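Just so you know, we're using the working numbering here: the sequence shown kicks off at 6 and counts up by one.
Notes follow once the structure below has been shown.
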Amino acid sequence: MRNPQLNKHGELQHLLTLDGLPREILIKILDIAAPFTEVAEREVKKLPLLRGKSIFNLFFENSTRTRTTFEIAAKRLSADVVNLNVSTSSTAKGESLLDTVDNLCAMQADMFVVRHASSGAPVLIAQHLQACGHDDIHVVNAGDGRHAHPTQGLLDMYTIRHCKGDFTRLSVAIVGDVLHSRVARSQIAALKTLGVPDLRVIGPKTLLPTAVEHMGVRVFHDMREGLRDVDVVMMLRLQNERMNGALLPTAQEYYKMWGLTAEKLALARPDAIVMHPGPMNRGVEIDSSVADGAQAVILKQVTYGIAVRMAVMSMLAGN
């Protein structure tokens, strides 16, 4: 069965998830992103690759950081960018998701960057476009429900490769609320595809998916044990709404057990890097001394995120 993200030539048509995406395509995106990191250092930060293309940012869920990096990436490729705050527009008046898409297709859209609280919304849009014969319009998933956040996963892979090189020799730990994290799902899919031999998840039982070990990871409920000798520590954001439910005790208790402190980080390899998708809850999942310390590459992730999103968009809609 053909991968729905690829066209009949085996090229990337949409970016909906990293799960099932061939290794060669992941590597190609990372390779294409590399020269784009240098664009930021030029006096004129523009390339003509998407000149004349119209990219619509459809954000049904707020995210200033993700939307801004997509917008910067598209503008650096010379695309025309339209930001739609859909929660306050037509869908709030009762127009369906696909009606909105149809209207934007009539405005000659070339790409939709979609963020939605419901898992599967970008996939639904991609299927609808195909059914309507709009094979020239591309969809990028900018985060959907608990399902996937593929560009975040890719920029994390770029950061790891930039700092560590070969994936096949690494020990990587993902720490925190894996259960509710679309970022973790994308990270696990990419790390497995890229050949990481030792992939660990660390967290309380209430915040790990049932049978998570079937995803090809080693499970640790003791953070100190899980961090021992790892090369990469990927912290996850603890969503504040989890603190009000029955899944966790207080934020202070969470920090004591699962927060990354300098003392816990010392159990990892001396040259281990610390990552976080942001926004960070300092003093909950990560201590400020670690977040601002020499091993943190959190701001690099943001910088590389623009280059990776440029790579994805140029692969989809460029030549």
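Using N, Cα and C, we set each Cβ at its ideal position, and we do this for glycine too.
Since the model is a prediction, treat every value here as computed from it, not as a measurement.
| query | result |
| --- | --- |
| Within 8 angstroms, strictly: CB atoms of D234 and S176 | yes |
| Same chain, Cβ closer than 6 angstroms to D24, neighbours up to 5 away in sequence not counted | A194 |
| Closer than 7 angstroms: A299 CB and nearest the ligand MN heavy atom | As for the ligand MN, it is missing from this structure, which has no ligand bound. |
| Secondary structure of L184, DSSP reduced to three states | coil |
| Residue range of the alpha helix (DSSP H) that includes H133 | 126–136 |
| Spatial distance of L89 from S101 (CA atoms) | 15 angstroms |
| Inter-stretch contact (C-beta, 8 angstroms, three-pair minimum) for the region 157–177 and the region 255–271 | no |
| Residue closest to V317, alpha-carbon to alpha-carbon, out of Q113, F117, K13 | F117 |
| Cβ-Cβ distance between V180 and G208 below 8 angstroms | yes |
| R242 and F225 closer than 8 angstroms at C-beta | no |
| Beta-bridge partners of R114, as assigned by DSSP | As written in the sequence, residue 114 is Ala, which differs from the Arg given in the question. According to DSSP, A114 bridges with nothing at all. |
| Distance between beta carbons of T198 and L31, contact taken as under 8 angstroms | 6 angstroms |
| Sequence-distant residues of its chain with Cβ nearer than 7 angstroms to R5 (five each side left out) | The question about residue 5 has no answer here: the residues shown for the chain are numbered 6 through 324. |
| V307 in three-state terms, based on DSSP | helix |
| Span of the beta strand (DSSP E) around R223 | 223–225 |
| Among V217, A256, W263, nearest to M239 - alpha-carbon criterion | W263 |
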